[in-house]
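Accompanying notes for the structure given below.
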Amino acid sequence: MKKYLLGLLLFFVSCGIGKTYLYELDFTEDKDRKSGNIFNVFVHDKKGNAFDGTAWSSDGKTLSIEVNNGILVCLKMYYENGEMATYSTLQQRTYYDKDGNVISETDFRAGIDSETLSRMRMASMELEKR
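In structure tokens:
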């Protein structure tokens with residue numbers, strides 16, 4: 002039993018190893034001064050090096066961003082079951098139901114439960130702090 006529990010503990014600890022989290026990164030927006038439209042979001046580590054890869058919200062499952070050579074490519078939000086809820090770029094956003102099917106924004110807003118919405122808002126606020 003002890004070996005089983007130790008193995009389970011090591012598994013859960015190792016799941017977080019190698020992940021990069023939003024709080025480890027800094028963000029800079031390139032935007033039009035008049036309109037406020039954002040052209041690009043640049044992402045770098047605390048040393049100023051361009052980040053490349055995936056970064057996660059602090060819970061490691063609600064929100065992720067994809068970054069290519071220091072430029073934000075997309076933002077993804079996830080349901081509790083791990084299915085993608087939204088996929089966003091600077092130009093567009095796609096919504097999904099809990100089974101992974103594309104749905105309208107109206108259906109997304111109507112079908113999302115308050116607990117999931119709360120998790121997503123918390124993760125979004127974490128990103129906005131950066």
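Here the sequence shown stands for residues 2 to 131, numbered as in this note's numbering. Even for Gly, the Cβ is constructed at its ideal location relative to N, Cα and C.
Assuming the contact rule is C-beta atoms closer than 8 Å, residue i and residue j should be a hit. Round their C-beta distance to whole Å, please.
i: Asp53; j: Val68; result: 6 Å
i: Leu64; j: Leu128; result: 6 Å
i: Asp31; j: Asn41; result: 4 Å
Buried or exposed: which applies to residue i, given that a residue is buried once 16 or more other Cβ atoms fall within 10 Å of its Cβ?
i: Met121; result: buried
i: Val103; result: exposed
i: Met126; result: exposed
Pull up the distance between the alpha-carbon of residue i and that of residue j, whole angstroms please.
i: Asp114; j: Asp100; result: 15 Å
i: Phe109; j: Ser89; result: 14 Å
i: Gly112; j: Asn50; result: 40 Å
i: Leu10; j: Asn82; result: Residue placement at Leu10 cannot be trusted, given a pLDDT of 40 that sits under 50; what the coordinates show is reported in the next sentence. Near 21 Å, if we compare the C-alpha coordinates of Asn82 and Leu10.
i: Met85; j: Ile66; result: 12 Å
i: Ala56; j: Leu73; result: 10 Å
i: Thr87; j: Lys48; result: 30 Å
Is the beta carbon of residue j closer than 7 Å to that of residue i?
i: Ser58; j: Leu23; result: yes
Taking 6 Å as the cut-off, is the CB of residue i close to at least one heavy atom of the ligand NAP?
i: Thr63; result: Here there are no bound small molecules, and the ligand NAP is not part of this structure.
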